[in-house]
Amino acid sequence: MSVDPHKAREMGAKAMKLLVLWRENEPAEERLAMVDKFVRRCRSAGLVSIIEPVVRPPRRGWDFDRESAIVAAAAELGGTEADLYKAEMPLGGKGDEKNLLAACQQLNDQMKMPWVILSSGVDADIFGRAVSIAMKGGASGFLAGRAVWASVVGAQDPQTMLRDVSVPRLQRLAEIVDEGIAQR
Numbered sequence: 001m002s003v004d005p006h007k008a009r010e011m012g013a014k015a016m017k018l019l020v021l022w023r024e025n026e027p028a029e030e031r032l033a034m035v036d037k038f039v040r041r042c043r044s045a046g047l048v049s050i051i052e053p054v055v056r057p058p059r060r061g062w063d064f065d066r067e068s069a070i071v072a073a074a075a076e077l078g079g080t081e082a083d084l085y086k087a088e089m090p091l092g093g094k095g096d097e098k099n100l101l102a103a104c105q106q107l108n109d110q111m112k113m114p115w116v117i118l119s120s121g122v123d124a125d126i127f128g129r130a131v132s133i134a135m136k137g138g139a140s141g142f143l144a145g146r147a148v149w150a151s152v153v154g155a156q157d158p159q160t161m162l163r164d165v166s167v168p169r170l171q172r173l174a175e176i177v178d179e180g181i182a183q184r
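What follows is the structure in structure tokens.
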């Protein structure tokens, strides 16, 4: 961990995020120790600690069930002292609402902290629906990512794309979260 959280705070940071590559066949103790150290460093600097477990297949030839791995990662890391858990959207946000909701509720059952979904692996055109379902399943919202800005990459006029595509997407996602919170 080479980023100094105190220096980051001096520069205006409010939070830090730790990407945790989660493989079922690798020791949980190492991940838990890394998260604990990260959380302590964030707290010492007065920063919000965000963990982002991203599941990966084993390095050597084992079967890989992504959906089970997402839940197992949450079971392992969802009870740590981090302030926020940034979760992969179950089923890539695809499928009928009943199955997606059940998957999100299963994820929620593992959490002892607020959680949000990330947009990686979810098509931008269905991310709003995924956020809505995740909110019904217990999520606190989303953290903006590829679903908001990916279309800008390589655009001839990125400023226009940001204004005309990304900002409205972000605004709509914020409305979805507001609606989800209001229904609780």
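Each residue of the sequence shown is one higher than the one before, counting from 1 in this note's numbering.
Glycine included, C-beta positions come from ideal geometry on N, C-alpha and C.
Since the structure is predicted, the reported quantities are computational estimates derived from the model, not experimental observations.
Residues near P5 in its chain [Cβ-Cβ closer than 8 Å; skip 5 each side]:
Taking the sequence shown and counting its residues from 1, one reaches residue 5 at position 5. Excluding residues within five positions, the ones whose Cβ falls inside 8 Å are A13, M16, R41, C42, S44, A45, L47.
Write down the C-beta distance between L91 and E52 rounded to the nearest angstrom, noting that I regard them as a contact closer than 8 Å.
In the sequence shown, counting from the first residue as 1, residue 91 sits at position 91. In the sequence shown, counting from the first residue as 1, residue 52 sits at position 52. At roughly 18 Å, the Cβ-Cβ gap does not stay under 8 Å, so L91 and E52 are not in contact.
If you count every other CB in all the chains shown that lies within 10 Å of the CB of A139, and 16 or more means buried, which is it?
Along the sequence shown, one-based indexing puts residue 139 at 139. By the 10 Å Cβ count, A139 comes out buried.
Whether L118 touches G137 by CB criterion (9 Å):
Here the question's residue 118 lines up with position 118 in the sequence shown. Here the question's residue 137 lines up with position 137 in the sequence shown. No, these two residues do not count as a Cβ contact at 9 Å.
Please determine, among R163, Q171, A150, S132, the residue with the shortest C-alpha to C-alpha distance to I181.
Residue numbering aside, residue 181 sits at position 181 when the sequence shown is read from its first letter. Ranking R163, Q171, A150, S132 by Cα distance to I181 puts S132 first.
Please list the terminal residues of the continuous alpha helix (DSSP H) segment that includes K37.
Working through the sequence shown from its first residue, we reach residue 37 at position 37. For K37, the uninterrupted alpha helix (DSSP H) segment begins and ends at 28 to 44.
Let me know the secondary structure DSSP gives F199 once reduced to three states.
Because the chain here runs from 1 to 184, residue 199 falls outside it and cannot be looked at.
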